[in-house]
Structures are given as structure tokens and as C-alpha cells.
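Peer 1:
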Amino acid sequence: MSATVRRRLPYLALVLLPFIPFIDQNNSHVDFLANAGAFVLLALGLNIVVGFAGLLDLGYAAFFAIGSYSYAMLASQQFGIHIPFWIMLLVAPCIAALFGVLLGAPTLRLRGDYLAIVTLGFGEIVPQTFLNLSQFTNGPNGISSLDQPSLFGHNFGFSATPYYEVMLVLIAIGVWFASNLQNSRLGRAWMAIREDELAARHMGINTTTAKLAAFALGASFSGLAGVAYAAKLDLVSPDQFQFNVSVLVLSMLVLGGMGNIWGVIVGSLVLSFLNSFLLPQSTNLAHQIGLTGVDFTNYRFMLYGVILVAMMLFRPEGLIPSRQRKAEFHEALDDPALEAQEQSEYTSGAA
Amino acid sequence: MAFFRLTDVRKDFGGLVAVNDLSFEIEAGKIVAMIGPNGAGKSTVFNLITGVYAPTRGTIDLEERSLVGLKTYEIASLGIARTFQNIRLFAFMSALDNVMTGEHSRMRANLFGSLLHIPSERREERVTRERARELLSFVGLEQHAGGYARNLPYGFQRRLEIARALASDPKLLLLDEPAAGMNPREKDDLIGLIGRIRERGVTVFLIEHDMHLVMNVSERVTVLDHGEKIAEGTPAEVRTNRRVIEAYLGTGAA
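Note that the protein sequences, when read in sequence, are chains A and B.
The opening residue of the first sequence carries number 63 in our numbering; numbering runs sequentially from there.
The opening residue of the second sequence carries number 82 in our numbering; numbering runs sequentially from there.
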């Protein structure tokens, strides 16, 4: 097998992804994958804000909530408005991006811990608002019986397969957008802001608009995830968007490798697998063998904690780190060409 | 018409007068220096020019256009680039990306162009990368394009900062102590580099403590002490100026 073929092998695996529901007929597996897809989208979006631009956002679930609720309000019996799912995939990211700008604007002067605390506040305010505006949102009951998408007259129904396929397409677009951004004028501006904001301004970078663009684009990904997730679940309620969702998505970034698109995808798949597959399945297993008292899902936060601590101790840059992260944690001056030149300059300088 | 002019610029920090009614002009195409003892207010002048601080009063004009009240990024796009006394590179970006970031204000790509990677954006990226490589070889770092800025030796970092500043095609380049920490050989290289920068049509305004460098490259020297201009002239005139010697060595020395 030639080197090129071997290099392209992973891409071959990507081609097989759409056929998984037809290979593995187990509906619960497909259902799990479709849900995991929403978290991949969330992680890709948060990666723009935290990984690329270096803005620590602890309230990211707020935009997920805004995306989900915009679908729930604009495509259900709630107000008798029935905008098609496909149009909402365009509208909801715009709504989420608008809120990204609105919530981002007051935080522009903040950095690090202060920014984290304020975004944490926003993350609490948004679900609370949906909870309390009960005349529009039915409060804690949430909005149910959302419109089910249909494509060419075929209704999605409650099967997970079409949602899984939609998620794949959205993720593909998301990856394409994110990697385009990373290698662009705006992507470099974000990196520059992350490294040194004052120096970035001296390069002619309008740091205000660059940061707002990061918040808006990051939010738009979760708007997308929100629509697909809400339509699939057929229900939205405020308790789906609590602080733990923000922490979960951030943990996915830390685990996978902040700033690396493939890293955050792996991180989100691993944590989704633990969260919605391994823990519930092992609980079932335990019940079957008579251990009816145990519920492993109660230990999920302990498990996140253990994973995060272990990662910080053994692999702080994440499973698939970006080049920057890796260098930040394992810096070494190990460029042989550089050392040789340095050496020769010193000797000739002394001569 | 003066290319660049400061008129009666004053900056107070609370009760401290950092810069006191400073006026001077720079002619296009010249290399000029500002010297003065530590704490004389030299870096403050750079920060006033680049909009990091707003002057308490006075005017700063580039080609008859006032810079007072403009944001730092706007001043940068008008054609003033700078380096920093304590190197401020983008540490975890490659040398090439550092220089490409310097080209930001020359680029046109907008959000949607970048998001969709449209042909004009791709073309611009290619041209930007090409230009960045040229600038790296201009400062002699072509072999280090891919390495992280922070992994470069100190002297190279200084040169990379200059390349990054030149990337915006500035009219006026501000160099804040470019020779600090350099060995004599590196300083000689720097003198050559500053000369070549002027040949590109860039006016150079530098702050420096190293008298060898100042006397060798600059055509005019302004001397600052306690925020006030105490002398101005050719290097030879300034060197023999009584007030300058007093400022550096104290009264009684002259």
C-alpha cells in the first residue's frame, strides 16, 4: 500500500459514515450518534470562540437554548407559526449570531477570569428567561410537538436515521467553515488577539469587530445544533440548557484539543459516548445482573472531573492538539537548522 | 507641508507630566532618532502617536491629517507601524503567520469571503503569503518561516518584529529600542537593515539608547528629558550640546 493511499484511508472512513444506519440497524445506536452530532456542532462552535479567539465562554449553552427555542416558537402550534425546518436552519443561526453579538458586546473589555464570570452569568440568565416567560414558552413544561421536518414529501417522524444524516451534512459544512476561518485574515486576527491584544491592534486589527465576529460565528453553530436537536427531540424545555451543558462542551474541547478541529470532534464523540451510551448501558447491565441499586449516570460529573484532572496531569494539550497548544505545553527549542545557524552566528560574532 | 508633526503635545498621568509641550517635525524619507535618559517619556511619545494614549492636549498629524482621537487600529491602517521595547510578537504563531498578520490592514477579505473561501480570498491569501516570505528574506529570516516566533533567538525576534511592522507597507515606522540586548555584530546588521528600510521609501523614527547606532543611522536627533525637548539637531550637534551632556551625566560634568 503506497503512502498516499495510507494517508487517504481516514477519508475513506468518512465516506462510509452516511451508511452507518444501514449497516447497524440498531435504532438506539443511530439515535445516540444523531445526538452526539449536535454536540459535535456545539464543540465546533465553541472552539471558534475559545480555541481560535481565546475568549473563555462559560455560558455557551445559552446560544444552544436560543437556537432550540427559536425553532420551538417558529415551527410549532405554540404561536401557529410553521416555518419549515430547512429555512429554520438558516434563520436560527442568524438569531443566535445576533444574540452572540448582543451578549458579546458588553464583555469586550473583559479578559480571562472576568470574561468567564460574565459569560457564566449570561448562561444562567438565558434559560432562566425562557423559564419565566411562561406565557410564551410554557415555563418549565417547555414547548412540545414541534414540527417534524420532511424532505421530498417524506416525513422524518421519530426515526433517528434522517436526523443523523442531517447532522452529518451540518457537521461537514461546519468543519469546512471552521477550517476556512482558521486559515484566513479573520482567523489570524483571532489568533493575534489571543496572543497579544495590544500588538494585534497595532497591526490594524479592529479587535472589537473581530471578537464580535467570533461570538457571532460561535453562536451561529449552536443555533444550528439547537434547531436540529430540538426537531429531533420534538421538545424543548429550560432544563436542557443548564450550566452543565456549557461545562460539558468546554470539557469536550479540553479533552480533544482546543483549537484543533479534528481534536474537538474526537473530544465531543468520546464524551458523548461516555455520557449517553456507556453510562446508561452499563447501568442497564448492572440492573440485569441484579444490582438494581446502582445508577452509573449519577457519576457522570465525577467522571468528567476525573477525566479533566487526568488530562491536565498527563496530556494538557488534549488528545489531538493543535500545533500551538502542543508547543505551549511542551516547548522545546529543537529546530536543528535554527541551532546550527545560531551556533555559527555566535562563533563568527566572536571572531 | 510637514510629513509628520507633533505640535505642543502634552500628556499628564495624574500629577505626573510625562510629555510636556513637545513639538517636532519629521521629513519624509528621513531616519530620525529620539534619545533621552530612562523615564524621559520616549515610549510615551510612541504610545501617543499610535493612539494607545490620548494626548492631554496638542495635535499629532500625519500628512496634514490629525491622528488625535483615532483608534490604534485606524492609525495603523493610515500607515504608522511600530515595534515594541519589550518584544511583543504573537508567540505561538509561526514567523510567517506573524508577518501575514502584519498585512491585515492591506487585505480586503471580509467575513463571507473567508467563510466560503471564495476565489478572490484565495488569491489574496496567496499574494499575502508571498509578500510575507519576501519580507522574511528581507530581514534574513527566510529559513525560519515555519518556526514559532517564541522559539527564535532574541536577535531574530527583533528582526521578525520589524518584518511584521513593514508588512502593512507603512509610511512611518516607529522602532522602540531596536538594538536593546543585541551584540555588536547584530547591531551592525541592524544599522544596515534600517538603511535598507529607508531605501524602500519608509520614514524611520527610532528610540534608542545605543549611541553608536543613533550616531550612525540618524540624520536628526531629538533629545528628551523629563518629558521636554532639550535639544534637536544633527547627531554631531546633539553630541556636543551642553544640556544633553548634563541630562545624561548630571550638572558639573559639562
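Beta carbons: idealized from backbone N, C-alpha and C, even for Gly.
1) Just verifying my parser: in three-state terms, what is the DSSP assignment at residue 310 (chain B)?
2) Between residue 248 (chain A) and chain B, is there a C-beta pair that is closer than 8 Å?
3) Would you say residue 174 (chain B) reaches chain A, if we count a Cβ-Cβ gap shorter than 8 Å as a contact?
4) So for residue 133 (chain B), helix, strand or coil by DSSP?
5) Rounded to a whole number of angstroms, what is the C-alpha to C-alpha distance between residue 243 (chain B) and residue 375 (chain A)?
6) State yes or no: is the C-beta of residue 107 (chain A) within less than 8 Å of the C-beta of residue 284 (chain A)?
7) From what residue to what residue does the alpha helix (DSSP H) around residue 132 (chain A) run?
8) Taking 8 Å as the CB-CB cut-off, is residue 226 (chain B) touching chain A?
9) Just to check my reading of the structure: residue 283 (chain B) and residue 251 (chain B) have Cβ atoms closer than 8 Å, yes? What is that Cβ distance to the nearest angstrom?
10) Is residue 268 (chain B) helix, strand or coil by DSSP?
11) Whole angstroms is fine: what's the gap from residue 394 (chain A)'s alpha carbon to residue 229 (chain B)'s?
12) Could you give the first and the last residue of the continuous alpha helix (DSSP H) run that contains residue 207 (chain B)?
13) For the region 231-279 of chain A, list the alpha helix (DSSP H) runs that are entirely contained and at least 4 residues long, ordered along the chain.
14) How close, in whole Å, do the beta carbons of residue 125 (chain B) and residue 100 (chain B) come, if the pair is a contact with beta carbons under 8 Å?
15) Scan the region 257-271 of chain A for residues whose Cβ lies nearer than 8 Å to a Cβ of chain B and list them as they occur along the chain.
16) Taking all protein chains shown into account, decide if residue 145 (chain B) is buried (16 or more other Cβ within 10 angstroms of its Cβ) or exposed.
17) Please confirm whether residue 240 (chain A) and residue 323 (chain A) have their CB atoms less than 8 Å apart.
18) Is the Cβ-Cβ distance between residue 121 (chain B) and residue 305 (chain B) less than 8 Å?
19) Using the Cβ count rule (16 or more neighbours within 10 Å means buried), how would you classify residue 413 (chain A)?
20) Go to residue 292 (chain B), then tell me how far its beta strand (DSSP E) extends in each direction, as first and last residue.
21) For residue 388 (chain A), which of helix, strand or coil comes out of DSSP?
22) Assign residue 101 (chain B) to one of three DSSP states: helix, strand, or coil.
23) Does the CB of residue 276 (chain A) have a neighbour CB from chain B at under 8 Å?
24) Measure the C-alpha to C-alpha separation of residue 93 (chain B) and residue 290 (chain B) and round it to an integer number of angstroms.
25) Quick one: which chain A residues come within Cβ less than 8 Å of residue 183 (chain B)?
26) DSSP three-state call for residue 139 (chain B): helix, strand or coil?
27) So with CB distances below 7 Å, who are the chain A contacts of residue 198 (chain B)?
28) Can you look up residue 409 (chain A) in the DSSP assignment and give me helix, strand or coil?
29) Compare the Cα-Cα distances from residue 251 (chain A) to each of A:297, A:272, A:359, A:318 and report the closest residue.
30) Would you mind telling me which residues of chain B sit closer than 7 Å to residue 389 (chain A), beta carbon to beta carbon, in chain order?
31) How about residue 244 (chain A) and residue 114 (chain A): are their beta carbons less than 8 Å apart?
32) Would you say residue 151 (chain B) faces chain A, with C-beta separation under 8 Å as the test?
33) Measuring only between beta-carbons, confirm whether residue 188 (chain B) sits less than 8 Å from chain A.
34) Near residue 195 (chain A), which residues of its chain fall below 6 Å by C-beta distance, leaving aside the five closest residues on each side in sequence?
35) At what residues does the beta strand (DSSP E) containing residue 89 (chain B) begin and finish?
36) Which residue wins for smallest C-alpha separation from residue 217 (chain B), given the options B:195, B:183, B:123?
Peer 2: According to the structure data:
1) Collapsing the DSSP output to three states places residue 310 (chain B) in a strand.
2) Closer than 8 Å: yes.
3) Residue 174 (chain B) counts as touching chain A.
4) The three-state reading of DSSP puts residue 133 (chain B) in coil, since its state is none of H, G, I, E or B.
5) Residue 243 (chain B) and residue 375 (chain A): Cα-Cα distance of roughly 38 Å.
6) Contact: yes.
7) Start and end: 123-136.
8) False, the Cβ-Cβ gap to chain A never drops below 8 Å.
9) About 6 Å separates the two Cβ atoms, so the contact holds.
10) The answer is helix: DSSP assigns residue 268 (chain B) an H, G or I state.
11) With a pLDDT of only 45 at residue 394 (chain A), under 50, the local geometry of the prediction cannot be trusted, and no value is derived from it.
12) Residue 207 (chain B) -> alpha helix (DSSP H) spans 200-219.
13) Listed in chain order, the complete alpha helix (DSSP H) runs (minimum 4 residues) inside the region 231-279 of chain A are 247-257, 259-264.
14) About 5 Å; that satisfies the 8 Å criterion.
15) Residues of the region 257-271 of chain A with a Cβ closer than 8 Å to any Cβ of chain B, in chain order: 257, 258, 260, 261, 262, 263, 264, 265, 266, 267, 268, 269.
16) The residue is exposed, with fewer than 16 neighbouring Cβ atoms inside 10 Å.
17) Against a cut-off of 8 Å, the Cβ pair of residue 323 (chain A) and residue 240 (chain A) comes out as a contact.
18) Closer than 8 Å, so yes.
19) Only weak support exists for where residue 413 (chain A) lies, its pLDDT of 34 falling under 50; the coordinates are left without a value.
20) Looking at the DSSP string, residue 292 (chain B) is not in any beta strand (DSSP E); the run it does join, the alpha helix (DSSP H), is 292-298.
21) Helix at residue 388 (chain A).
22) In the structure shown, residue 101 (chain B) sits in a strand (DSSP, three-state: E or B).
23) With 8 Å as the cut-off, residue 276 (chain A) does not count as an interface residue toward chain B.
24) Each residue's alpha carbon lies about 24 Å from the other.
25) Residues of chain A passing the Cβ test: 265.
26) DSSP places residue 139 (chain B) within a strand segment (E or B) once states are collapsed to three.
27) Here the neighbours are 242.
28) Low confidence applies here, because residue 409 (chain A) scores a pLDDT of 49, under 50, leaving its location unreliable; read the following figure in that light. Under the three-state reduction of DSSP, residue 409 (chain A) is assigned to helix.
29) Nearest of A:297, A:272, A:359, A:318 to residue 251 (chain A), Cα basis: A:272.
30) Contact note: residue 389 (chain A) reaches chain B through 173, 229, using a C-beta cutoff of 7 Å and chain order.
31) Cβ atoms of residue 244 (chain A) and residue 114 (chain A): closer than 8 Å.
32) The beta-carbon of residue 151 (chain B) is placed no less than 8 Å from the nearest beta-carbon of chain A.
33) Output row for residue 188 (chain B): interface = yes.
34) Hits under 6 Å: none found.
35) Per DSSP, residue 89 (chain B) is one residue of the beta strand (DSSP E) stretching across 85-94.
36) It is B:183 whose Cα lies nearest to the Cα of residue 217 (chain B).
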